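K.L.:
One structure follows; several queries about it will come next.
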Amino acid sequence: MIYWLASIFLLVGLATSCQQRTTESLEGYWESYGLDTTQNAYFPFELHFKRDTLNMIAPSYFMHQAKYVAEDDHLLLTLADNSKTNISFTLEADSVLYFEGRKFQKIAPEIFTSVPRYHLIGYKTNHLLPNDHQASSIHLIKYHGKTKAVLNDVVADLASIAPFLSCNDCHSLPPVHLYLGDHLEFRDLLNAYKWIAAVGGRQVTLITAHKGLDEFYKAKDYINIADSLMIKLFEAEGMPPFPPHPKSTHVSRTVLTIKDTTDFEKLTSVEDSSYYLIQVDDRIAIIDYLKLIERMQDNPYLDRKIVRRKLLTKPAN
1 MIYWLASIFL LVGLATSCQQ RTTESLEGYW ESYGLDTTQN AYFPFELHFK RDTLNMIAPS
61 YFMHQAKYVA EDDHLLLTLA DNSKTNISFT LEADSVLYFE GRKFQKIAPE IFTSVPRYHL
121 IGYKTNHLLP NDHQASSIHL IKYHGKTKAV LNDVVADLAS IAPFLSCNDC HSLPPVHLYL
181 GDHLEFRDLL NAYKWIAAVG GRQVTLITAH KGLDEFYKAK DYINIADSLM IKLFEAEGMP
241 PFPPHPKSTH VSRTVLTIKD TTDFEKLTSV EDSSYYLIQV DDRIAIIDYL KLIERMQDNP
301 YLDRKIVRRK LLTKPAN
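For the sequence shown, full-length UniProt numbering assigns the number 1 to the initial residue and increments by one for each residue that follows.
Right, dumping it as structure tokens:
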């Protein structure tokens with residue numbers, strides 16, 4: 001009996017010792033060797049192991065943080081949303097790591113990309129972002145109490161969105177992915193939309209939550225801000241005159257004003273004989289706005305009947 005107990009304690013001790021050595025070997029900063037995002041544009045390309053915490057930076061510059069436990073040939077990760085995932089890993093010497101089959105090499109701390117860690121707004125839509133999709137990524141976050149945009153690895157004012165997206169050699173803007181951080185209000189989103197619209201942006205994919213390590217929930221939105229606001233913005237910034245939107249060819253347009261989810265009932269009365277203009281009150285909660293655009297995205301008939309969605313700058317009556 002004593003022999004068996006001693007054997008058990010010895011095995012537990014060996015396992016703990018091996019796990020500790022593995023954790024110590026992982027400690028530090030790692031970078032993907034030969035970054036390739038063609039197969040998965042959202043899988044981390046930089047890793048930082050510190051004690052029981054792993055920070056992972058994706059090519060979109062979104063940072064995941066997870067608690068990890070090393071178990072034999074895999075890491076058990078617990079992400080910020082409490083979801084768990086297993087990642088295979090192999091250590092070769094002290095400077096080469098295979099992380100889910102991808103080769104990483106150890107790097108100096110000063111080379112590691114520094115971006116603010118934040119939580120997404122957490123709204124799970126009915127649509128996932130394809131993981132092979134390339135786009136210009138903008139992170140809209142609250143940073144020290146102010147609304148900021150993270151552009152690559154730079155925290156900037158929202159006005160920096162326009163030069164970040166502008167492309168003189170492009171026929172149209174590249175796709176825009178806008179990551180929404182927690183604690184944002186709808187007016188923060190509206191202010192970001194102004195600067196996207198200033199360089200001709202008309203469509204954006206909103207990233208609202210993540211599923212596991214490399215999947216994200218999305219909502220497709222169209223930017224249509226009142227001309228009066230865009231004219232004021234261009235004048236204030238000393239920009240060339242804003243080109244007004246072309247008038248709709250539909251003569252009959254019924255106006256539907258949406259202030260919150262209680263107004264969604266108006267969408268059920270859409271008829272074949274008319275076209276509609278949705279006016280969104282800028283006091284709407286941002287989650288309610290996400291529910292609104294998702295409802296239209298999931299209903300092709302409704303989306304077809306909505307000629308325009310105008311984002312108001314003053315509360316509607």
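Just so you know, even glycine gets a beta-carbon here, dropped at the ideal spot from N, CA and C. Every value quoted in this text rests on a predicted model; they were computed, and no experiment measured them.
By the three-class DSSP mapping on this structure, what secondary structure does GLU215 have?
P.N.:
The answer is strand: DSSP assigns GLU215 an E or B state.
K.L.:
Applying the 10 Å Cβ sphere with the 16-neighbour rule, what's the burial state of TYR118?
P.N.:
Flag for TYR118 reads buried.
K.L.:
Taking its Cβ as the centre, do 16 or more other Cβ atoms sit within 10 Å of THR205, making it buried, or is it exposed?
P.N.:
Label assigned to THR205: buried.
K.L.:
Helix, strand or coil: which one does DSSP assign to LYS106?
P.N.:
Correct three-state label for LYS106: strand.
K.L.:
Look up ILE286 in the DSSP assignment and say whether it is helix, strand or coil.
P.N.:
Here ILE286 sits in helix by DSSP.
K.L.:
Please state the DSSP three-state secondary structure of ALA6.
P.N.:
Its pLDDT being 45, under 50, ALA6 is placed unreliably by the model, and the measurement read from it follows with that caveat. Helix.
K.L.:
With ALA162 as the anchor, note down where its beta strand (DSSP E) starts and where it stops.
P.N.:
Not the beta strand (DSSP E): ALA162 falls in the alpha helix (DSSP H), residues 161 to 165.
K.L.:
Starting from MET230, follow the alpha helix (DSSP H) in both directions and report where the run begins and ends.
P.N.:
That run of the alpha helix (DSSP H) goes 227 to 236.
K.L.:
Beta-carbon within less than 8 Å of GLU92's beta-carbon, same chain only, minus the 5 sequence neighbours each way: which residues are those?
P.N.:
Around GLU92: TYR98.
K.L.:
Could you spell out where the alpha helix (DSSP H) holding ILE196 opens and where it closes?
P.N.:
First-last of the alpha helix (DSSP H) with ILE196: 186 to 198.
K.L.:
Taking a contact to mean a Cβ-Cβ separation below 8 Å, would you say LYS148 touches ALA156 in this structure?
P.N.:
The answer is yes: Cβ separation under 8 Å.
K.L.:
Considering only the alpha carbon of each residue, which of ASN131, LYS124, HIS48, ASN126 lies closest to SER114?
P.N.:
Considering only alpha carbons, the answer is HIS48.
K.L.:
Below 8 Å on the Cβ atoms is my guess for GLU215 versus ILE107; work out the distance and round it to an integer in Å.
P.N.:
That belief does not hold up - the Cβ atoms of GLU215 and ILE107 are roughly 27 Å apart, past 8 Å.
K.L.:
Please determine if the stretch 150 to 169 and the stretch 263 to 278 are in contact, where contact requires at least 3 C-beta pairs separated by less than 8 Å.
P.N.:
With the cut-off at 8 Å, the stretch 150 to 169 and the stretch 263 to 278 do not touch.
K.L.:
Measure the Cβ-Cβ separation of TYR222 and ARG202 and say whether it is below 8 Å.
P.N.:
Contact flag set, yes.
K.L.:
Could you tell me which whole beta strand (DSSP E) segments of length 3 or greater appear in the stretch 25 to 105?
P.N.:
28 to 32, 46 to 50, 53 to 57, 63 to 71, 74 to 79, 84 to 92, 96 to 99, all fully within the stretch 25 to 105.
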